[in-house]
DNA sequence: CAAAAAAGTTAACAAATGGTAAAAAAAGCT
DNA sequence: AGCTTTTTTTACCATTTGTTAACTTTTTTG
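Protein chains in written order, with the working numbering: chain A, 16 to 206; chain B, 16 to 206.
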């Protein structure tokens with residue numbers, strides 16, 4: 016296993032040494048999930064972080080019986096139920112495979128060990144979450160300034176591959192609208 | 016200057032040593048901003064982070080002539096224009112004092128030095144941004160699942176002090192609605 | 001204090017989105 | 001393939017929010 020995509024992903028943030036990589040290699044596990052398989056279930060405590068080497072995950076939660084999709088992970092990103100992961104409390108967020116997935120996993124204990132013993136890894140953790148924070152801010156801007164139609168069009172531009180794999184109802188709730196509203200939008204949009 | 020509030024804030028995340036504190040004391044500066052004074056102007060490059068020791072700041076940007084408020088900082092929080100700070104590119108975000116403010120400042124170069132030489136400080140940086148990320152996620156949930164009225168009510172509960180100091184138009188755009196809509200909501204809500 | 005500017009409110013109408021229900025289309029299952 | 005379940009679309013009406021414009025109130029400034 017050479018973890019090529021993972022190394023490329025991380026090299027965007029920090030230049031790691033051979034030694035840093037040697038420390039992480041033994042604690043990376045591979046997890047294959049079938050479509051609809053769960054990475055994290057409701058009420059469970061998140062004890063690992065995943066890198067999506069193949070496939071798409073979604074993060075959602077149950078809101079009065081409706082599933083609200085907070086995130087659809089593109090390829091090659093880090094993902095976990097962070098509120099649960101940080102506080103080690105039962106997760107309200109559910110993470111499930113939209114397609115068959117290959118995930119690279121690191122357990123929380125291992126990652127904490129890396130953080131405390133390899134300053135470069137602590138830095139990786141900080142830099143990645145910083146980027147995720149900025150992206151989330153951008154999403155807030157689009158939610159408070161743009162119509163659902165504009166958000167939908169932007170999503171098509173930014174993540175065209177997602178539409179090949181992800182049911183529209185998930186996309187609708189990610190955009191903050193009902194699937195009926197999304198259908199209506201799609202009817203009026205011509206390309 | 017004993018930085019009591021700052022120490023309390025940081026101790027929520029990481030236990031620092033005397034030595035860690037000795038390293039940061041010399042590089043903390045105090046900045047007093049008058050109401051409407053700028054912490055970061057549009058087009059400038061963010062080179063510092065603030066801790067709001069007194070007063071309230073807002074983060075906003077110009078969107079077709081309208082000011083869109085992305086954030087209103089409560090007391091005792093860290094704040095900067097992160098996209099500009101990370102990439103060292105001109106900021107589209109503007110940070111301005113809503114009230115007279117006392118800010119504890121650390122310059123980016125100093126903070127980077129701390130990050131690279133004091134693992135505990137790197138950890139502080141990571142833990143704080145993790146928390147901010149989770150809060151931002153919660154805001155996304157409320158934007159995609161709740162009506163403006165529900166968001167407004169929740170804001171009153173969560174940050175009652177903000178309403179004593181912050182113009183309603185800023186709150187409206189923070190909630191993702193116009194100030195006219197907020198007026199309408201306020202008229203219909205009885206307490 | 002008075003004038004000017006900014007902030008907040010109101011109203012009428014327009015546009016966007018939600019809720020409900022049903023039909024159509026697609027996907028999953030023996 | 002045929003049956004079942006899930007997903008997507010459509011339609012109608014209700015609700016929420018936006019737009020424009022005028023007015024009122026509050027704050028700032030000379």
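Heads up, the beta-carbon is just placed ideally off N, CA and C, and yes, glycines get one too.
In its own chain, which residues sit with a C-beta less than 7 Å from the C-beta of residue 25 of chain B, not counting the 5 before and 5 after it? 31 and 139
Problem set entry | Contact set for residue 115 of chain A: own chain, Cβ-Cβ below 8 Å, skip 5 residues either direction | 47, 48, 49, 50, 69 and 70
Residue 60 of chain A - partner residues in DSSP beta bridges: A:105
(message) Assuming residue 121 of chain B and residue 54 of chain B are in contact, meaning their beta carbons sit under 8 Å apart, how far apart are those beta carbons, in whole angstroms?
(response) With 8 Å as the limit, residue 121 of chain B and residue 54 of chain B do not qualify as a contact, their Cβ atoms being about 13 Å apart.
Per DSSP, residue 185 of chain B forms a beta bridge with which residues?
-> Partner(s): none; residue 185 of chain B has no beta bridge.
Which runs of the alpha helix (DSSP H), 4 residues or longer, sit entirely within the segment 95-158 of chain A? 97-102 and 123-132
Beta-ladder partner(s) of residue 67 of chain A, from DSSP: A:118
For residue 180 of chain B, list the residues DSSP reports as bridge partners. Per DSSP, none; premise fails for residue 180 of chain B.
Check whether the Cβ atoms of residue 97 of chain A and residue 29 of chain B sit closer than 8 Å, and answer yes or no.
no
**Asked** What is the DSSP secondary structure of residue 25 of chain A, reduced to helix, strand or coil?
**Response** helix
Where residue 208 of chain B falls: helix, strand or coil (DSSP):
This structure cannot speak to residue 208 of chain B, because chain B is shown only from 16 to 206.
Does chain B have any CB closer than 8 Å to the CB of residue 182 of chain A?
no
Q.
Short of 7 Å Cβ to Cβ, which residues in the segment 141-158 of chain B face chain A?
A. 141, 144, 145, 147, 148, 149, 151, 152, 154, 155, 156 and 158
Fill in: Any 3 or more C-beta pairs closer than 8 Å across the segment 144-158 of chain B and the segment 142-160 of chain A
yes
Q) In three-state DSSP terms, what is residue 87 of chain A? A) strand
Cβ-heavy atom distance between residue 96 of chain B and the ligand GDP below 7 Å? By its list of ligands, the structure shown contains no ligand whatsoever, and the ligand GDP lies outside what it can speak to.
| request: Would you list, in chain order, the members of the segment 77-91 of chain B that have their beta-carbon closer than 7 Å to a beta-carbon of chain A? | output: 78, 83 and 85
Let's test the definition: count the other Cβ atoms within 10 Å of the Cβ of residue 146 of chain B and tell me whether it reaches 16, buried, or not, exposed.
buried
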